[in-house]
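A quick write-up on the structure given underneath.
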Amino acid sequence: MSIDIGSIKHFKPLLNTSNLPREEPYRYDGFKTESKILPKGHKKREDARAFPEAVQWDRDQPVKLRDGITIYCDIFRPADLVDEKLPAILNWSPYGKNGSGALNLHVIPFQACRPQSTRSDYESFEGLDPAEWCKRGYAIINADPRGCYDSEGDIRNMGTHEGQDGADLVEWIGSQQWCNGYVGLAGNSWLAIAQWWIAAEQPKHLAAIAPWEGASDLYREVICLGGVPHIDFHEILNSIFVSNGTVEDQSAMIREHPLYNEYWEDKRAQFDKILVPMYITASYSTGLHTMGSIRAFTEAKSSKKWLRIHPTQEWYDLYAPENIDDLDKFFSKYLKKTNNDWELTAKVRLSILKFNGEPVFNQEEENYPILNTEYKRFYLDNDTSTMIPNSHTKYNALTYNAESIDRKNELMWKLVFDEKTRLVGFSKAVLYVSTKSHNELDIYVQLRKFDTSGRIINHINFPKEALRACGMKDESEILNTNIFKYRGPKGALRVSHHITKIEDGGDDISPKYKHDQSKPLIPGEIVMAEIPFWPIGIDFEAGEGVALVLAGHELPYPEFPQMKPSTQNKGFATIHAGDHYPSFLQLPFVSFK
Numbered sequence: 018m019s020i021d022i023g024s025i026k027h028f029k030p031l032l033n034t035s036n037l038p039r040e041e042p043y044r045y046d047g048f049k050t051e052s053k054i055l056p057k058g059h060k061k062r063e064d065a066r067a068f069p070e071a072v073q074w075d076r077d078q079p080v081k082l083r084d085g086i087t088i089y090c091d092i093f094r095p096a097d098l099v100d101e102k103l104p105a106i107l108n109w110s111p112y113g114k115n116g117s118g119a120l121n122l123h124v125i126p127f128q129a130c131r132p133q134s135t136r137s138d139y140e141s142f143e144g145l146d147p148a149e150w151c152k153r154g155y156a157i158i159n160a161d162p163r164g165c166y167d168s169e170g171d172i173r174n175m176g177t178h179e180g181q182d183g184a185d186l187v188e189w190i191g192s193q194q195w196c197n198g199y200v201g202l203a204g205n206s207w208l209a210i211a212q213w214w215i216a217a218e219q220p221k222h223l224a225a226i227a228p229w230e231g232a233s234d235l236y237r238e239v240i241c242l243g244g245v246p247h248i249d250f251h252e253i254l255n256s257i258f259v260s261n262g263t264v265e266d267q268s269a270m271i272r273e274h275p276l277y278n279e280y281w282e283d284k285r286a287q288f289d290k291i292l293v294p295m296y297i298t299a300s301y302s303t304g305l306h307t308m309g310s311i312r313a314f315t316e317a318k319s320s321k322k323w324l325r326i327h328p329t330q331e332w333y334d335l336y337a338p339e340n341i342d343d344l345d346k347f348f349s350k351y352l353k354k355t356n357n358d359w360e361l362t363a364k365v366r367l368s369i370l371k372f373n374g375e376p377v378f379n380q381e382e383e384n385y386p387i388l389n390t391e392y393k394r395f396y397l398d399n400d401t402s403t404m405i406p407n408s409h410t411k412y413n414a415l416t417y418n419a420e421s422i423d424r425k426n427e428l429m430w431k432l433v434f435d436e437k438t439r440l441v442g443f444s445k446a447v448l449y450v451s452t453k454s455h456n457e458l459d460i461y462v463q464l465r466k467f468d469t470s471g472r473i474i475n476h477i478n479f480p481k482e483a484l485r486a487c488g489m490k491d492e493s494e495i496l497n498t499n500i501f502k503y504r505g506p507k508g509a510l511r512v513s514h515h516i517t518k519i520e521d522g523g524d525d526i527s528p529k530y531k532h533d534q535s536k537p538l539i540p541g542e543i544v545m546a547e548i549p550f551w552p553i554g555i556d557f558e559a560g561e562g563v564a565l566v567l568a569g570h571e572l573p574y575p576e577f578p579q580m581k582p583s584t585q586n587k588g589f590a591t592i593h594a595g596d597h598y599p600s601f602l603q604l605p606f607v608s609f610k
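Take the sequence shown: its letter number 121 is residue 138 in this note's numbering, and every next letter is one higher.
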């Protein structure tokens, strides 16, 4: 089977459920339609969280979609409320309905500081735990979407078709005799991403959504950042999906269709169609979701939307007790129709990192970017590898090996702050560049913090006391992955795409590109490349500063250890600065509260 989006078709086979092992890492114990009571104190495994109250588990329940395909879901309800009409929360996940997938916190070092004793193992990966939420008076539904595990069909990887499937399930849930007619969506990553498309379908029973960090433009934010194809992460996802059918193969799609077209347009969320209340979270630590979450907040048509930017890692944040309480307050308002004070919550609560100190938590703001942000430009001085506040420097060219993945071939310019400084929002680099011999150039940039000694430092995405409580003996055990360490906001651009820059007539604090065509570079010809960074939120003490790092390869730590640096560049490139080539970095300054 294939899906037509425009004229494009591409699917690939996957591991079949009949071939799954019944032990780690999949732990899939087969298909079985049944209803049973999980008694108070029940544990799925010895080290798992016990159920605080009895729960009815309706397993592998069939739901027929609009085209006749049958999918299956697990339904968890408080056992003492089975005759009541309950608000429902749907976790739409391709990873297995109840801890039965290959991607799971069990395979993450230190279990992301959320040990099994805090989770029942009946939760979908990155979803809400029924042991926690049933006791709060909700029905929890974990779905195997189309093509996943024993659900019929082929896996649809984001976009309109997946949104239609999810909307069909929302309507089915809302019409069940045990539901009060109000359905919410929740979950992190894929579970958050799917919410954009499901909500855009506007199913009548959908009352609120809580996307816990979710990309919203697959091409520009994940698989082709800056127009540069990156398929490693999707190759890992394809390796862990389980299906009796096939999966929409986006790695193959980007190889065959590297320019933006109608296929990729379908993978960009239509926020103008989302009307329901939204509780959106974002973080700086993810290399996948930050821009998507913030774009959702700024563009969604909903008049009731809240954004919380936190300073930790997404899984750690999802299962934090205080955040569970906060989310319950949101869902109580819109799914239970409780008369609480949720709507007095600040529209924006943001965190600001220090890297070498405790972050600022939940600073309240009315909007994002922050009102009265002052944007300042600092010009590259290639002679001193610094950035200065005026453009009247003499011309100097700096040539580097663009195809090298060796750190010694990275370029760096530093800016020291002479007073306490706060940067929050969007930055951009405007660079005048040329190649020596090739007709293409991929540029990667990153902003990094250095301390008063000039040493580049990282932010650890988990509280160190939480890491120690989960078994860390020494900081050297913390992996150099984006899950654990944040280096700073990133940006990238395939320079041949510079001709597709979208002129929006605004202040252009964050350049945008269509990426639907390219113009080969002429070796030796100087071109202006305007590169947006993902949002920043960092405090600096006097004597500390920010470094602009540039290379021909990705600069953040990888999401997973098996993802290695790579480059598609060839030969040498040059950064021109000074005189008629005012290369600069623009930064967002905000005042302290």
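Backbone N, C-alpha and C fix where the C-beta goes; we use that ideal spot for every residue, glycine too.
Opening and closing residue of the alpha helix (DSSP H) in which residue i lies
i: TRP551; result: Counting along the chain, TRP551 falls outside any alpha helix (DSSP H), and DSSP gives it neither H nor E.
i: LEU344; result: 338 to 351
i: ILE271; result: 267 to 273
i: ASP64; result: From DSSP, ASP64 is part of no alpha helix (DSSP H); its letter is neither H nor E.
i: LYS481; result: 481 to 486
i: THR307; result: 307 to 316
i: GLY180; result: 177 to 191
i: PHE250; result: 249 to 257
i: PRO147; result: 147 to 150
i: LEU208; result: 207 to 217
Which listed residue (the options) has its alpha carbon closest to that of residue i
i: THR416; options: VAL462, ALA594 and SER608; result: ALA594
i: ILE106; options: PRO220, LEU145, LYS531 and LEU484; result: LEU145
i: LEU484; options: PHE258, THR329 and PRO79; result: THR329
i: GLU381; options: LEU397, GLY243 and TRP323; result: TRP323
i: GLY442; options: ILE326, PHE378 and MET545; result: ILE326
i: LYS350; options: GLN193, ASP283, ASN497 and LYS321; result: LYS321
i: GLY481; options: LYS354, PHE347, GLU547 and TYR333; result: The amino acid occupying residue 481 in the given sequence is Lys; Gly does not appear at that position. Selected option, being the one with the closest Cα: TYR333.
i: GLU149; options: VAL512, ARG44 and ASP342; result: ASP342
i: PRO275; options: LEU292, ARG153, HIS247 and HIS515; result: HIS247
i: LEU55; options: SER137, SER319, GLY47 and ILE172; result: SER137
i: ASN497; options: ALA509, LYS529, ASN478 and LYS364; result: ASN478
i: GLY183; options: LYS221, GLN194 and TYR155; result: LYS221
i: SER583; options: GLY488, GLU383, ILE555 and SER421; result: SER421
i: CYS487; options: ILE157, LEU186 and ALA129; result: ALA129
i: ASN413; options: GLY304, ASP596, GLU492 and GLY244; result: ASP596
Paired residues, beta bridge with residue i - DSSP
i: SER300; result: HIS327
i: SER260; result: TYR166
i: ARG394; result: GLN603
i: GLU382; result: VAL365
i: SER52; result: ASP75
i: ILE226; result: LEU202 and MET295
i: ASP556; result: ARG439
i: ASP91; result: ASN159
i: LEU370; result: ILE555
i: TYR236; result: DSSP output for TYR236 lists no bridge partner at all.
i: MET545; result: TYR449
i: CYS196; result: LEU103
i: VAL377; result: ILE369
i: ARG285; result: ASP234
Continuous beta strand (DSSP E) stretch holding residue i: start and end
i: HIS593; result: 589 to 594
i: TYR417; result: 413 to 418
i: TRP109; result: 103 to 109
i: LEU565; result: 562 to 568
i: TRP7; result: Since the first residue of the chain shown is 18 and the last is 610, residue 7 is not available in this structure.
i: LEU428; result: 428 to 433
i: THR403; result: 403 to 405
Proximity test, Cβ basis, 8 Å: residue i and chain B
i: ASP77; result: This model lacks chain B altogether; it includes just one protein chain.
Count the C-beta pairs between the stretch 121 to 133 and the stretch 87 to 94 that are closer than 8 Å, then say yes if the count reaches three, no if not.
no
Contact between the stretch 53 to 70 and the stretch 127 to 136 (3+ Cβ pairs under 8 Å):
Yes: at least three Cβ pairs fall under 8 Å.
Hey, which unbroken runs of the beta strand (DSSP E) at 3 residues or more fall wholly within the stretch 443 to 527?
445 to 452, 459 to 467 and 507 to 511
If contact is defined by three or more beta carbon pairs under 8 Å, each pair taking one atom from either stretch, is the stretch 583 to 594 in contact with the stretch 365 to 377?
no
Measuring CB atoms only, is the stretch 306 to 321 touching the stretch 231 to 247, in the sense that at least three cross pairs come out at less than 8 Å?
yes
I'd like to know if the stretch 244 to 258 and the stretch 224 to 233 are in contact, where contact means that at least 3 CB-CB pairs between them fall below 8 Å.
The stretch 244 to 258 makes no contact with the stretch 224 to 233: fewer than 3 CB pairs, one atom from each, lie closer than 8 Å.
Taking 8 Å as the threshold, find out whether the stretch 83 to 90 comes into contact with the stretch 153 to 173 through three or more Cβ pairs.
yes
Report yes or no: do three or more beta-carbon pairs, one from the stretch 567 to 582 and one from the stretch 503 to 512, lie closer than 8 Å?
yes
Any chance the stretch 599 to 609 sits against the stretch 395 to 412, with 3 or more Cβ pairs inside 8 Å?
yes
Taking contact to mean 3 or more Cβ pairs, one atom from each stretch, closer than 8 Å, check whether the stretch 261 to 274 and the stretch 244 to 253 are in contact.
Verdict: yes, contact present.
Check whether the stretch 436 to 453 and the stretch 294 to 302 touch, using three or more Cβ-Cβ pairs below 8 Å as the test.
no
Is it a yes or a no for the stretch 171 to 191 touching the stretch 281 to 290, going by three-plus beta-carbon pairs under 8 Å?
The answer is yes - the stretch 281 to 290 touches the stretch 171 to 191, with three or more Cβ pairs under 8 Å.
Three Cβ pairs or more, each shorter than 8 Å: is that satisfied between the stretch 542 to 556 and the stretch 456 to 463?
yes
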